[in-house]
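Asker: Residue numbers (our numbering), protein chains in the order written: chain G, 203 to 458; chain A, 177 to 798. C-beta atoms are modelled at their ideal positions from N, C-alpha and C, and glycine is treated no differently. All values reported here derive from a predicted model rather than from experimental measurement.
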């Protein structure tokens, strides 16, 4: 007999060592997330995957699945709060979707649509942030960084490098790169690195590829993030995606 | 510099876990962390420069750009404000010709605010090159200005500037009977380790930092490991290394009892740590001392040395074949490091970011090994229990809160200082003892605790009623509640580690929204919006900091809703910023100041249906 938990009343099997997120994904249950990626060590910082476990609020991406847990995921209360948390991410940075080349393929934008976010709700912070275009092939637009650390983890865990780090405290947090000059061009980052392709927003971009996929044919233009995310995690075939987009899903292998 | 950094790294055995020690050394010598030092340390410790930069930018007392040769900080606690901190800082800034947050042009002195330095009973307080300054007043500031301008070394400054008093006013069970050195350890070995743990169980001792986790259980869990833990790696669990950590990162504004315990009862604290180590089988312990208590560092080190010589620490303690030693680690200005998993990260030489849990420190703590983290007072109580047994301790207090609690009382009272009470004592009797009159309310447990009004003084000190890590701040009727809430809310925004979205962004939103209301720019709906942010921060934050950051607003909003409402304008909407103020640059550039170059904040119909023309002037008058 396999062990089970319930998510919104449905019984879901899990294996020892799995997090609630992993168990949910394997059972085709989408839990919104941004800092989580199935291939990397869970971080638990964006708090979008907040679920209620036996009445207690937990992060699904880090909390272990334990026999008999009663998990609430898709409730109005949680969806409302997730929308607010997403709005927080929007107002603390400078996220101007219409002018961003990641629009349509941006997970932050897609999650916002999924959660029916229609405005910023909170006052905008308008922080003054820089753009680092020093690298020949990759650029960082700090205005769009949400501190998910996926680039940090990808560089360390997949590329065996240590290009990125998050520095600073509180609202002054910022992404830094491993070069004495502080510039991306002086790091050992290459455009083929996993870290260069993992950014869920438009903060790290590959140069000269911005509009190769036309608007209207991008990842989230015809499908919501829940479908794309589950498909990418192997819970559902990717067939629904046009071949040109298959490499740009959340789960994609870069450099192909 | 090269030699200096090399020697410093060598003294610290080139250990990455000692990064904070090394950076403290560099900051103290050069008054910033130069780029060359970062490169060299990265090389010597085999860590990345980004790791070092991350740590430097995380802790308030480290800087990437030069500070003054005299680094001055003024404590920004509400109690310092009540003692006239604001005007004193202005005076100091004027005398020294240096702005707050700035370095003087000649590089001699820098001035900045810092979170509560734990001198609330003898403020206004500050720090100079890490050392605590107490009882600041204008004559003292005049003198300090001269000393700085004459570049007098700190060791030639008048000693009384650095004098820190204990102010123990009402000793109780623990404070009135200091133990004889070694007696708690002797009693422990005589009774037996398991039997002593049983006494701690019987005593019902709970963590004195405020959260109140059962101390005995912690030891059991650390020793035995949890029965079932999905994340627990059994292979690691069986390794013998276990650690004992004493949390002396007393950062909650208004708390200063650990400072007194470490100044005058350190042997008993170390003894509590040592017997805990004997029980769980740890060989290494740490005292994580907040950077603000640098003045205690040398003294505590010599007490440790004294204990080694007396056979109470080190190899073969009391000839029982038990080895245990304690190292002191200084923090560098980060409130979050009082959270036990953030403290462990900091001890490992990293940014103080709370870990994801489970697993918990009792099974996966320092370097991933089982670790017991307790408050200073908890270890002190454990030593007492080891000598006297658990029954006597358990006979004091309430059903759920056994023993006594040491309070640090400050604010509007005639006798601020250290008081020890049995749990269950009413707030009124505490107020009577400390000489508080005309009381408006009391902040219990610091900003992260609860504000109670003067109609609740029959409530009790107890985990089940009013829990506190020791902070007890009294406010009289001359105080403005919103000023207090404002100070606390800014404190949390400043101290948020920034790891999770709800706290990183939420505490800043909370600060902005509260500022908007307090500054009179709030309108209908703004208090509801404030409350909404509070709930988000409270419910969704990663750790205790965020989960309690909204308490100042929530606890006062529940008690004084009219106070918040009275600040609102009688219009349905008010822009979140000053429209006319935003035009200032444009006016300056266009050299205009005529009426057409100004903009009214509101020029539409207000809720009462009257034209709001001139509403700005009207409202500002009210």
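For residue 378 of chain G, which residues does DSSP report across the bridge?
Answerer: For residue 378 of chain G, which the question treats as bridged, DSSP gives the partners G:367.
Asker: Got a sec, what are the start and stop residues for the beta strand (DSSP E) residue 505 of chain A sits in?
Answerer: Per DSSP, residue 505 of chain A belongs to the beta strand (DSSP E) from 498-506.
Asker: Are the beta-carbon atoms of residue 725 of chain A and residue 668 of chain A separated by less than 7 Å?
Answerer: Cβ atoms of residue 725 of chain A and residue 668 of chain A: closer than 7 Å.
Asker: What's the gap between the Cα of residue 572 of chain A and the Cα of residue 382 of chain A?
Answerer: Their Cα atoms are separated by approximately 13 Å.
Asker: Would you please state the rounded distance, in angstroms, between the beta carbons of residue 419 of chain A and residue 545 of chain A? I believe it to be under 8 Å.
Answerer: With a Cβ gap of about 6 Å, residue 419 of chain A and residue 545 of chain A count as contacting.
Asker: Applying a beta-carbon distance threshold of less than 9 Å, which residues of chain G neighbour residue 230 of chain A?
Answerer: Chain G residues near residue 230 of chain A: 367, 368, 369, 370 and 378.
Asker: May I ask you to list, following chain order, the residues of the stretch 269-291 of chain G that have a beta carbon less than 7 Å from some beta carbon of chain A?
Answerer: The stretch 269-291 of chain G vs chain A, Cβ under 7 Å: 283, 286, 287, 290 and 291.
Asker: Which runs of the alpha helix (DSSP H), 4 residues or longer, sit entirely within the stretch 298-339 of chain G?
Answerer: As far as the stretch 298-339 of chain G is concerned, its whole alpha helix (DSSP H) runs of at least 4 residues are 309-316.
Asker: Check the C-beta distance from residue 639 of chain A over to residue 388 of chain A and give it rounded, since I have them as a contact under 8 Å.
Answerer: Going by Cβ atoms, the distance from residue 639 of chain A to residue 388 of chain A rounds to 4 Å, so yes, they are a contact pair.
Asker: Quick check: the stretch 689-707 of chain A against the stretch 385-405 of chain G, are at least 3 beta-carbon pairs closer than 8 Å?
Answerer: These segments do not touch.
Asker: DSSP state of residue 215 of chain G, grouped into three classes?
Answerer: Strand, per DSSP.
Asker: Heavy atom of the ligand FAD less than 6 Å from the Cβ of residue 303 of chain G, yes or no?
Answerer: Absent from the structure shown: the ligand FAD. Ligands present: none.
Asker: Since residue 676 of chain A meets chain G, which of its residues come closer than 8 Å, beta carbon to beta carbon?
Answerer: Result: 246, 247, 248 and 249.
Asker: On the DSSP letters alone, give me the boundaries of the alpha helix (DSSP H) that residue 735 of chain A sits inside.
Answerer: Looking at the DSSP string, the run of the alpha helix (DSSP H) that includes residue 735 of chain A is 727-735.
Asker: Rank A:574, A:579 and A:609 by C-alpha distance to the C-alpha of residue 585 of chain A and give the top, closest one.
Answerer: Comparing Cα-Cα distances from residue 585 of chain A to each of A:574, A:579 and A:609, the minimum goes to A:609.
Asker: Would residue 677 of chain A and residue 427 of chain G qualify as a contact pair, given that the criterion is a beta-carbon distance under 7 Å?
Answerer: It is not a contact, given that the beta carbons lie outside the stated cut-off.
Asker: Alpha carbon to alpha carbon, how far is residue 755 of chain A from residue 773 of chain A?
Answerer: Between residue 755 of chain A and residue 773 of chain A, the C-alpha separation is close to 11 Å.
Asker: Name the DSSP beta bridge partners of residue 266 of chain G, please?
Answerer: Partner(s): G:221.
Asker: Quick check on residue 259 of chain G - is its C-beta less than 7 Å from some C-beta in chain A?
Answerer: Interface residue, yes.
Asker: Report the residues of the stretch 659-673 of chain A with a CB closer than 8 Å to any CB of chain G, ordered along the chain.
Answerer: Cβ contacts with chain G come from 669, 670, 671, 672 and 673.
Asker: For residue 776 of chain A, which three-state DSSP category applies?
Answerer: It is coil, neither helix nor strand.
Asker: Using the rule of at least 16 other Cβ atoms within 10 Å of the residue's Cβ for burial, across every protein chain shown, is residue 674 of chain A buried or exposed?
Answerer: So residue 674 of chain A counts as buried.
Asker: With C-beta atoms as the reference, is residue 525 of chain A less than 7 Å away from residue 187 of chain A?
Answerer: Contact: no.
Asker: Around the C-beta of residue 599 of chain A, are 16 or more other C-beta atoms found within 10 angstroms, so that it is buried, or is it exposed?
Answerer: Buried, since its Cβ has 16 or more Cβ neighbours within 10 Å.
Asker: Can you have a look at residue 330 of chain A and say buried or exposed, based on whether 16 or more other CB atoms are within 10 angstroms of its CB?
Answerer: By the 10 Å Cβ count, residue 330 of chain A comes out exposed.
Asker: Determine the extent of the alpha helix (DSSP H) in which residue 359 of chain G is found, giving its start and end residues.
Answerer: Where residue 359 of chain G is concerned, the enclosing alpha helix (DSSP H) stretches over 352-359.
Asker: For residue 534 of chain A, which residues in chain G fall below 7 Å Cβ to Cβ?
Answerer: Residues of chain G passing the Cβ test: 266.
Asker: Which chain A residues sit within Cβ distance under 8 Å of residue 382 of chain G?
Answerer: Per Cβ cutoff of 8 Å: 211, 215 and 225.
Asker: Would you mind telling me which residues of chain G sit closer than 9 Å to residue 234 of chain A, beta carbon to beta carbon, in chain order?
Answerer: Within chain G, the residues near residue 234 of chain A are 369, 370 and 371.
Asker: Go through the stretch 690-725 of chain A residue by residue and report every complete run of the alpha helix (DSSP H) that reaches 4 residues or more, in order.
Answerer: Complete alpha helix (DSSP H) runs here, min 4: 702-716 and 720-725.
Asker: Have a look at residue 740 of chain A and residue 412 of chain G and give me their C-alpha separation to the nearest angstrom.
Answerer: Approximately 49 Å between the Cα atoms of the pair.
Asker: What is the rounded straight-line gap between the Cα of residue 488 of chain A and the Cα of residue 260 of chain A?
Answerer: Going by the C-alpha atoms only, they are around 45 Å apart.
Asker: Going by beta-carbon coordinates alone, are residue 583 of chain A and residue 646 of chain A separated by less than 7 Å?
Answerer: Result yes, Cβ atoms of residue 583 of chain A and residue 646 of chain A sit closer than 7 Å.
Asker: Nearest CA to the CA of residue 495 of chain A: which residue from A:433, A:486 and A:503?
Answerer: It is A:486 whose Cα lies nearest to the Cα of residue 495 of chain A.
Asker: Taking Cβ positions, are residue 557 of chain A and residue 360 of chain A nearer each other than 7 Å?
Answerer: In this structure, residue 360 of chain A does not lie closer than 7 Å to residue 557 of chain A by Cβ.
Asker: Measure the alpha-carbon distance for residue 692 of chain A versus residue 750 of chain A and round it to whole angstroms.
Answerer: Residue 692 of chain A and residue 750 of chain A: Cα-Cα distance of roughly 10 Å.
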